[in-house]
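Enquirer:
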Amino acid sequence: MPLLSSAPFEQLRPWWYSPSQWVGNLTLTETWRHYFFGSPRVHFPGQAWTLCYEEQFYFVTGLLLLTLRKRFFAGVAAVSAITLVIATTCAWIGVSVDGFFFDGAWLMFAAGVAVYYRLHHASTSGARAIDMLLVTAVLASSLSPYRLHCSPFGFAFAAGLPWRYRFDRLSSASLLRPVLSCGRMCYSLYLVHQIPVKGLTMALYLAGFTSATATLFLAVPLSIGLSVALGWVFFELVERRFLNTPATTVPMPTAPVGALLSAGG
């Protein structure tokens, strides 16, 4: 049995991809390329579909900054409203727009923008309205028959972000330094983990390590160790070069919630 190309979460061999599929993967257009030409949608590596969405998010954000720089947040809200209308209408009439940012995925990106606005620009009443909006998004996405990826979890994470800086002092704890290091290189971990972990876990499965105990105490630790090691190499060789310097990094608020909201008002 092949290590990578067998189910679940199979990773097809590179030479099995058609030219059109490679065009889509290399240009990060594979989530929507197949609507216009070539072979069916397939990704290399498997998690690359999220990068295709990111590319669209950044493109739309760039257009908003170019055309509505002084009203950027209003532009994000407008795109969000349009996305909501398109996504719900297409789901209702049975037209697939899966893979485009307006399939609803933009709303999770917009939730992050809303959190930034809440922390840095919103008045007291505005902050409360955003909190209510995010909680409503969690409930609506959980109850809606039109599920989009893991949107309830995304909205729930966004709803909790405004309160996370209460625990910033925990980041200085020595016991958490390994976790913080993983957080710093999390993008590298995300990019490199899928294929190696798929190969490792399938090899363990074929070797007979199939019990819950083997999964918990062997497969999971080995997978984490392999991912961290490869992620660190990728971080040092690639990602580190693109990090913001301390001088250009926007600090997160450290004031108590009440003081922050009073300042915003």
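Residue 150 in this note's numbering sits at position 70 of the sequence shown, and the numbers go up by one each step.
Glycine residues also receive a C-beta, built at the ideal position from the N, C-alpha and C atoms.
1) Counting only runs that start and end within the segment 220-269, where is the alpha helix (DSSP H) found for 4 or more residues in a row?
2) Any idea what DSSP makes of A87, helix, strand or coil?
3) Return the first residue and the last residue of the alpha helix (DSSP H) that R198 is part of.
4) Leaving aside the five residues before and after P336 along the sequence, list all residues of the same chain whose C-beta is less than 7 angstroms from its C-beta, in chain order.
5) Report all residues from its chain with a CB closer than 8 angstroms to the CB of T329; omit the five preceding and five following residues, and keep chain order.
6) To which residues of the same chain is F189 closer than 7 angstroms at the C-beta, ignoring the five residues directly before and after it?
7) What residue range does the alpha helix (DSSP H) around Y138 cover?
8) I need the straight-line Cα distance from L108 to L131, nearest angstrom please.
9) Pairs of beta-carbons, one from the segment 259-270 and one from the segment 302-317, closer than 8 angstroms: are there three or more?
10) Can you name, in chain order, every residue of its own chain whose Cβ lies under 6 angstroms from the Cβ of W129, other than the five neighbours on each side?
11) Only counting the same chain, and skipping five residues up and downstream in sequence, which positions put a Cβ closer than 8 angstroms to that of L302?
12) Of the residues F182, H200, Q101 and P94, which one's Cα is nearest the Cα of E351?
13) Closer than 8 angstroms by C-beta to S98: which residues in its own chain qualify, once you throw out the five before and the five after it? Chain order, please.
14) How many angstroms separate the CA atom of R113 from the CA atom of G179?
15) From L310 to S203, what distance separates their C-alpha atoms?
16) Using the three-state DSSP reduction, which class does V330 fall into: helix, strand or coil?
17) Taking contact to mean 3 or more Cβ pairs, one atom from each stretch, closer than 8 angstroms, check whether the segment 205-218 and the segment 239-253 are in contact.
18) Compute the beta-carbon to beta-carbon distance between Q127 and Q274, rounded to the nearest angstrom, for a pair I have assumed lies under 8 angstroms.
19) Tell me which residues share the same chain as L144 and place their Cβ nearer than 6 angstroms to its Cβ, disregarding the 5 neighbours each side in the sequence.
20) Would you call the CB atoms of A185 and L219 closer than 8 angstroms?
21) Excluding the 5 residues preceding and the 5 following F289 in the sequence, name in chain order all residues of the same chain whose CB lies nearer than 7 angstroms to its CB.
22) Alpha carbon to alpha carbon, how far is L271 from N105? Give it in angstroms, no decimals.
23) Let me confirm a value: K278 is counted as buried when at least 16 other C-beta atoms fall within 10 Å, else exposed. Which label applies?
24) Where Y196 and L83 are concerned, what is the direct C-alpha to C-alpha distance, given to the nearest angstrom?
25) When you compare only the Cα positions, how much space is there between G344 and P276?
26) Taking a contact to mean a Cβ-Cβ separation below 8 angstroms, would you say L255 touches S307 in this structure?
27) Indicate the three-state DSSP secondary structure (helix, strand or coil) for F153 in the structure shown.
Expert: The structure says:
1) Within the segment 220-269, the complete alpha helix (DSSP H) runs of at least 4 residues are 231-240 and 257-264.
2) A87 sits in coil when the DSSP states are folded into three classes, being neither helix nor strand.
3) R198 -> alpha helix (DSSP H) spans W186 to H200.
4) Summary for P336: the model assigns pLDDT 45, below 50, so the residue's position carries little reliability; its value from the coordinates is reported in the next sentence. So the list is empty, once near-sequence residues are dropped.
5) With a pLDDT of 45 at T329, under the threshold of 50, the modelled position of that residue is not reliable, and no figure is offered here.
6) Cβ neighbours of F189 beyond the five flanking positions: F137.
7) Its alpha helix (DSSP H) spans residues A128 to T147.
8) Whole-angstrom Cα-Cα distance: 6 angstroms.
9) Enough Cβ pairs lie closer than 8 angstroms, so yes.
10) Counting only Cβ-Cβ distances below 6 angstroms, and skipping sequence neighbours, we find T111 and H123.
11) Excluding residues within five positions, the ones whose Cβ falls inside 8 angstroms are L280 and L284.
12) Outside the displayed span of the chain (81 to 345) sits residue 351, for which this structure offers no information.
13) Cβ neighbours of S98 beyond the five flanking positions: G118 and S119.
14) One alpha carbon belongs to R113, the other to G179, and they sit about 9 angstroms apart.
15) Linking L310 to S203 through their CA atoms gives a straight-line distance of about 44 angstroms.
16) Reliability of the predicted coordinates at V330 is poor, the pLDDT of 48 falling under 50, and no value is obtained from them.
17) Contact annotation: the segment 205-218 touches the segment 239-253, with at least three C-beta pairs closer than 8 angstroms.
18) About 5 angstroms separates the beta carbons of Q127 and Q274, which is inside the 8 angstroms limit, making them a contact pair.
19) Around L144, the same chain offers F152 and G155 as residues with beta carbons nearer than 6 angstroms, after the five sequence neighbours per side are excluded.
20) Result no, Cβ atoms of A185 and L219 do not sit closer than 8 angstroms.
21) Contacts found: L298 and A299.
22) Taking the straight line joining both Cα atoms gives about 14 angstroms.
23) The residue in question, K278, is buried, as its Cβ has 16 or more Cβ neighbours within 10 Å.
24) Their backbone Cα atoms lie some 42 angstroms apart in a straight line.
25) Because G344 carries a pLDDT of 42, less than 50, the predicted location of this residue cannot be relied on, and the following value inherits that uncertainty. Distance between the alpha carbons of G344 and P276 is about 47 angstroms.
26) In this structure, S307 does not lie closer than 8 angstroms to L255 by Cβ.
27) F153 falls in the helix class under three-state DSSP.
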